[in-house]
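For reference, the structure discussed in these notes is given below.
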Amino acid sequence: MQGARVFGALGPIGPSSPGLALGGLAVGEHRLSNKLLAWSGVLEWQEKRRPFSDSTAKLKRTLPCQAYVNQGENLETDQWPQKLIMQLIPQQLLTTLGPLFRNSQLAQFHFTNRDCDSLKGLCRIMGNGFAGCMLFPHISPCEVRVLMLLYSSKKKIFMGLIPYDQSGFVNAIRQVITTRKQAVGPGGVHAGPVQIVNNKFLAWSGVMEWQEPRPEPNSRSKRWLPSHVYVNQGEILRTEQWPRKLYMQLIPQQLLTTLVPLFRNSRLVQFHFTKDLETLKSLCRIMDNGFAGCVHFSYKASCEIRVLMLLYSSEKKIFIGLIPHDQSNFVNGIRRVIANQQQVLQRNLEQEQQQRGMGG
57 MQGARVFGAL GPIGPSSPGL ALGGLAVGEH RLSNKLLAWS GVLEWQEKRR
107 PFSDSTAKLK RTLPCQAYVN QGENLETDQW PQKLIMQLIP QQLLTTLGPL
157 FRNSQLAQFH FTNRDCDSLK GLCRIMGNGF AGCMLFPHIS PCEVRVLMLL
207 YSSKKKIFMG LIPYDQSGFV NAIRQVITTR KQAVGPGGVH AGPVQIVNNK
257 FLAWSGVMEW QEPRPEPNSR SKRWLPSHVY VNQGEILRTE QWPRKLYMQL
307 IPQQLLTTLV PLFRNSRLVQ FHFTKDLETL KSLCRIMDNG FAGCVHFSYK
357 ASCEIRVLML LYSSEKKIFI GLIPHDQSNF VNGIRRVIAN QQQVLQRNLE
407 QEQQQRGMGG
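So for the sequence shown, the UniProt record's numbering puts the first residue at 57; every next one is plus one.
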């Protein structure tokens, strides 16, 4: 099949081929006369209503459509559903997915009733920087789980990209959609951190909770902060199974010296905390005084991560999360460290009580 190349934000996808530019995507000859009909059905999506109407309301649109492939190519569509549901997302959010676009299969989409308002509206939206994401239902037995639709306003054609790495792309696009929903409020009003900050991509948003020691003996106060996890562009961190609240235990960094070998080849992420400035200052002060954060994931969570460590750089004013690759051994190691710390604290407390008794 002819290759495809996405330039600019998405990066190279595959070998270049002569033809048109589809928002940076080069494809071959687009006349339907030399293409084979691979699928016919209905495409459904939702778009915002006109400005004078309820800004939170969505308008459902449907169009009969067909998918075509070049002669000599094979696209198995006998198990495709008759209706494809598409979600419109900004193309800029796809910048981190460039590597997963490589070796995608191309299919040209054609819509009938070309003069109708639905098609004009779709062309207008996608011509203004949006892409279509079609997630196939799990009840469908076909191998395709996701398909991306792009539009060329210059050539007036729609091209579908079917990534060969379906599993990786499904997880990545779900992460993109989830984080966008978290960051965009009703009516499209921005309600949280932007998706891409300082060349990093928002991978998770939730709440971090921990306990800090209080001046009173054996007393602690519960603290929490809205938090966000960022990864470098081009990296994928699967957080769809992460809980909405993470629990952190503060432990002295010196206790982690025995675990240094397990830190090797750890995955690095950046944490960002918002809102309560006084709580954040307190956390920075504690961690700057030699403490690290041990974030335990609940066993009820079905994600692969069981523990990550949070460190603070007072010089750069940033929080870095380390996710050890050897999760099993690290969990056992950190449990031993915490158990030993608790034993030491208990012995110290008993000694203090004995000294007070002798002094009395």
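In this text, a Cβ means the ideal position worked out from N, Cα and C, and glycines have one as well.
If only uninterrupted beta strand (DSSP E) runs of at least 3 residues are considered, those enclosed by the stretch 271-298 are 276-288. Residues of the same chain with a CB within less than 7 Å of the CB of S322, apart from the 5 flanking positions on each side, are L378, I379, P380, H381 in chain order. Boundaries cannot be given for L150, as no alpha helix (DSSP H) includes it and DSSP labels it neither H nor E. In the structure shown, the three-state DSSP call for E334 is helix.
Within the model, the alpha-carbon separation for N274 versus G413 is close to 18 Å.
Residue state for C121 is assigned as strand, using DSSP reduced to three classes. Per DSSP, C350 lies in no alpha helix (DSSP H) segment; the continuous beta strand (DSSP E) that holds it begins and ends at 347-352.
If you look at K176, you'll find it isn't in any beta strand (DSSP E); it sits in the alpha helix (DSSP H) that goes 173-183.
In the three-state reduction of the DSSP assignment, L405 falls in the helix class. Counting along the chain, no alpha helix (DSSP H) covers F192, and no H or E run does either. The C-alpha of V226 is placed about 10 Å away from the C-alpha of F192.
Sorting M204, G185, N385 by C-alpha distance to the C-alpha of P317 places N385 at the top.
When DSSP states are grouped into helix, strand and coil, Q127 belongs to the coil group.
Distance from I374 to Q309 at the Cβ level is roughly 16 Å; contact not present, criterion being Cβ atoms closer than 8 Å. Bridge pairing for A163: G216 [DSSP].
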